[in-house]
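Engineer:
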Amino acid sequence: MNIVATTIWVPRFLDSYLANFREYGVLDRVKMWVVGDRKTPPELSEYAARMRAEGLDVEYLDPASQQQWLARFPDLATIIPWNSDNRRNVGFLRALEEGCEILVSIDDDNYAIPSSNFYEGHLHTGGTAEVEAVEAESGWYNICRELVLRPDAAVIPRGFPYRHRDASFRFAGKRTMPVAANAGLWLGDPDVDAATRLACPVQAVDSQRRSFALAPGTWSPINTQNTAVARRAIPAYYYVRMLEDLPGARLDRYGDIWSGYFLTRCAEHLGECITVGLPLVQHDRNQHDLLEDLRAEIWGMIATPPIVAALRESVLSGSDYGTAARSLAHSLDRSAESIAEGARLPIADYVRRIAAHLRVWTDVCAELM
0 MNIVATTIWV PRFLDSYLAN FREYGVLDRV KMWVVGDRKT PPELSEYAAR MRAEGLDVEY
60 LDPASQQQWL ARFPDLATII PWNSDNRRNV GFLRALEEGC EILVSIDDDN YAIPSSNFYE
120 GHLHTGGTAE VEAVEAESGW YNICRELVLR PDAAVIPRGF PYRHRDASFR FAGKRTMPVA
180 ANAGLWLGDP DVDAATRLAC PVQAVDSQRR SFALAPGTWS PINTQNTAVA RRAIPAYYYV
240 RMLEDLPGAR LDRYGDIWSG YFLTRCAEHL GECITVGLPL VQHDRNQHDL LEDLRAEIWG
300 MIATPPIVAA LRESVLSGSD YGTAARSLAH SLDRSAESIA EGARLPIADY VRRIAAHLRV
360 WTDVCAELM
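With the first letter of the sequence shown counted as 1, position 105 gets the number 104 in numbering that gives the first Met the number 0; the numbers rise by one all the way through.
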């Protein structure tokens, strides 16, 4: 199992994973990749070395080593900006190159907790699991329903279309399905959007502590916090480049959400599922300016519904994730104008760039696999 995180801080979150892997006897079965940026402090190298001395396999990808590796892929290097969480794409690809079977993405404010076996919770990813399946006529299940919140409130995860926030659902019994990805949940600060944090701040004090599958046709946002992806599905898990200037704001903070929807659509095409629930992590959120977060998220909130609608309507081809992701890129090209019209935003060219970036990503994945 390979675990990837980006950070511009000293990675103190590593201590929690070292303790968790020791407790559950899996320290020799994991490798952690920490992807730095130009803002990352030099002390990170020393911290990673201390973790290695204590038995945790940690590789720190500093800016120089990233540039050296990306020199092999100049088209890719030009679309991964500095000072951006998009750098985690480099960690994903390095793990793929080393042969990882399960890739896990975490944020640097996600901490492993003693009561949840992090390794075991993600271990079924890539295999076949018999799990309860949730389905909804609307096509949407609010995974925040799985959390015990204080104060008790009805909130939705970041990237969830607002018009479906009250959608009905049902658990439809156990099914045996191949698992493309597994999304673990978060205690502490749940992954809700800035509008929710400003209007209704909540804390997750527990969860239902169960794993379940999103039935085919039932979607929910899948982010890059505590999310595992099977090796075969990595070509469909491109972390979308953001930082797009739009009237009055810069589009950001939806790159992981859109990458999750790309993966969801490709998994659906290939007859595979995404599971949700375990393992749990503690999300002690880094300090944020919520108004700046809202400014960055607002265009993503508006653009996501037409993007998702286009994905749902897309007709994909191919019997593997690389081919499916390339056909999804072609579909985005064809849908760019309608997405822009649906969002009432000048983003058609941006959608086409995302499609072009996704094709570059799939080409590199094909070479590394």
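We put the beta carbon where it would ideally sit given N, CA and C, even for glycine. Quantities reported herein were computed from a predicted structural model and do not represent experimental measurements.
According to DSSP, which residues form a beta bridge with Val228?
Structural biologist: Here residue 228 refers to the residue found at position 229 of the sequence shown. According to DSSP, which records beta bridges pairwise, Val228 is partnered with Leu102, Ala180.
Engineer: Leaving aside the five residues before and after His163 along the sequence, list all residues of the same chain whose C-beta is less than 6 Å from its C-beta, in chain order.
Structural biologist: As a working mapping, residue 163 is identified with position 164 in the sequence shown. Cβ within range, chain order: Ser137, Trp139.
Engineer: Does the beta-carbon of Asp348 have 16 or more other beta-carbons within 10 angstroms, so that it is buried, or is it exposed?
Structural biologist: Sequence index remark: in the sequence shown, residue 348 carries index 349 (1-based). The residue in question, Asp348, is exposed, as its Cβ has fewer than 16 Cβ neighbours within 10 Å.
Engineer: Please report whether the beta-carbon of Ala232 lies at a distance below 8 Å from any beta-carbon of chain B.
Structural biologist: Note that chain B does not occur in the displayed structure, where there is just one protein chain.
Engineer: Indicate the three-state DSSP secondary structure (helix, strand or coil) for Asp244 in the structure shown.
Structural biologist: In the sequence shown, the residue the question calls residue 244 occupies position 245. In the structure shown, Asp244 sits in a strand (DSSP, three-state: E or B).
Engineer: Going by alpha carbons, who is nearest to Ile7 out of Asp107, Tyr253, Gln281?
Structural biologist: Along the sequence shown, one-based indexing puts residue 7 at 8. Nearest C-alpha to Ile7: Asp107.
Engineer: Note down, in chain order, each residue of its chain lying with its Cβ closer than 6 Å to the Cβ of Gly341, except the 5 sequence neighbours on either side.
Structural biologist: To locate residue 341, count along the sequence shown from 1; it is residue 342. Around Gly341: Pro305.
Engineer: Hey, how far is the Cα of Gln281 from the Cα of Gln224?
Structural biologist: One-based indexing of the sequence shown puts residue 281 at position 282. One-based indexing of the sequence shown puts residue 224 at position 225. About 11 Å.
Engineer: The beta strand (DSSP E) that contains Asp205, what's its start and end?
Structural biologist: In the sequence shown, residue 205 corresponds to position 206, counting from 1. Start and end: 202-206.
Engineer: Can you confirm whether the stretch 228-236 touches the stretch 248-255 when touching is taken to mean that 3 or more C-beta pairs between the two stretches lie within less than 8 Å?
Structural biologist: As far as the Cβ criterion goes, the stretch 248-255 does not touch the stretch 228-236, which means the pair count is below three.
Engineer: Let me check understanding here. Comparing Cα to Cα, which of Arg333, Asp332, Tyr320 lies closest to Met368?
Structural biologist: Residue numbering aside, residue 368 sits at position 369 when the sequence shown is read from its first letter. Answer by Cα proximity: Tyr320.
Engineer: With H, G and I counted as helix, E and B as strand and the rest as coil, what does DSSP make of Ile256?
Structural biologist: Indexing the sequence shown from 1 puts residue 256 at position 257. Three-state result, Ile256: helix.
Engineer: Are Ala182 and Val239 close, meaning C-beta to C-beta below 8 Å?
Structural biologist: Position 183 of the sequence shown holds residue 182. Position 240 of the sequence shown holds residue 239. No. Outside cutoff.
Engineer: Look up Ile142 in the DSSP assignment and say whether it is helix, strand or coil.
Structural biologist: Reading the sequence shown from its first residue, position 143 is the one you call residue 142. In this structure, Ile142 counts as helix in the three-state DSSP scheme.
Engineer: Alpha carbon to alpha carbon, how far is Leu13 from Ala152? Give it in angstroms, no decimals.
Structural biologist: Taking the sequence shown and counting its residues from 1, the one referred to as residue 152 is at position 153. Taking the sequence shown and counting its residues from 1, the one referred to as residue 13 is at position 14. Going from the Cα of Ala152 to the Cα of Leu13 covers about 32 Å.
Engineer: Would you check if the distance between the CB atom of Trp298 and the CB atom of Leu242 is smaller than 8 Å?
Structural biologist: Numbered from 1 along the sequence shown, position 299 holds the residue referred to as residue 298. Numbered from 1 along the sequence shown, position 243 holds the residue referred to as residue 242. Contact: no.
Engineer: Excluding the five sequence neighbours on either side, which residues of its own chain have a C-beta within less than 6 Å of the C-beta of Gln202, listed in chain order?
Structural biologist: Locating residue 202 in the sequence shown gives position 203, where the first residue counts as 1. So the qualifying residues of the chain are Arg149.
Engineer: Following the continuous beta strand (DSSP E) through Ala94, name the residue where it begins and the one where it ends.
Structural biologist: On the sequence shown, residue 94 is found 95 positions in, with the first residue counted as 1. First-last for Ala94: 87-96, but that is the alpha helix (DSSP H), not the beta strand (DSSP E).
Engineer: By a C-beta neighbour count over all protein chains shown, 10 Å radius and 16 as the cutoff for buried, is Thr175 buried or exposed?
Structural biologist: Within the sequence shown, residue 175 is the residue found at index 176, counting from 1. Flag for Thr175 reads exposed.
Engineer: Rounding to the nearest angstrom, what Cα-Cα distance links Trp185 and Ile346 in this structure?
Structural biologist: Stepping through the sequence shown from its first residue, residue 185 is reached at position 186. Stepping through the sequence shown from its first residue, residue 346 is reached at position 347. Approximately 32 Å, taken between the alpha carbons.
Engineer: What three-state label does DSSP hand Leu279 in the structure shown?
Structural biologist: Along the sequence shown, one-based indexing puts residue 279 at 280. Here Leu279 sits in strand by DSSP.
Engineer: Count the other C-beta atoms from every protein chain shown that fall within 10 angstroms of the C-beta of Ala132, then say buried if there are 16 or more, exposed otherwise.
Structural biologist: Looking up residue 132 in the sequence shown gives position 133. Buried is the call here.
Engineer: Could you give the DSSP three-state label for Trp8: helix, strand or coil?
Structural biologist: Locating residue 8 in the sequence shown gives position 9, where the first residue counts as 1. In the structure shown, Trp8 sits in coil (DSSP, three-state: anything other than H, G, I, E or B).
Engineer: What first and last residue would you give for the alpha helix (DSSP H) that runs through Ala111?
Structural biologist: The residue you call residue 111 lines up with position 112 of the sequence shown. It is not in any alpha helix (DSSP H) - Ala111 instead sits in the beta strand (DSSP E) that spans 109-111.
Engineer: Determine the burial state of Leu197: buried for a count of at least 16 other Cβ atoms within 10 Å of its Cβ, exposed for fewer.
Structural biologist: What you label residue 197 is simply residue 198 of the sequence shown in a count that begins at 1. Result: exposed.
Engineer: Sorted by chain position, which residues of the same chain lie with C-beta nearer than 7 Å to Ile221's C-beta, five sequence neighbours on each side aside?
Structural biologist: Residue mapping note: residue 221 aligns to position 222 of the sequence shown, counting from 1. Here the set comprises Ala180, Ala182, Gly259, Leu262, Thr263, Ile273.
Engineer: Can you confirm whether the stretch 19-26 touches the stretch 108-127 when touching is taken to mean that 3 or more C-beta pairs between the two stretches lie within less than 8 Å?
Structural biologist: The answer is yes - the stretch 19-26 touches the stretch 108-127, with three or more Cβ pairs under 8 Å.
Engineer: Determine the extent of the beta strand (DSSP E) in which Glu58 is found, giving its start and end residues.
Structural biologist: The residue labelled residue 58 in the question sits at position 59 within the sequence shown. 57-60 is the span of the beta strand (DSSP E), which, as asked, contains Glu58.
Engineer: If you follow the beta strand (DSSP E) that Phe211 is in, where does it begin and where does it stop?
Structural biologist: As a working note, residue 211 is residue 212 in the sequence shown. Where Phe211 is concerned, the enclosing beta strand (DSSP E) stretches over 211-213.
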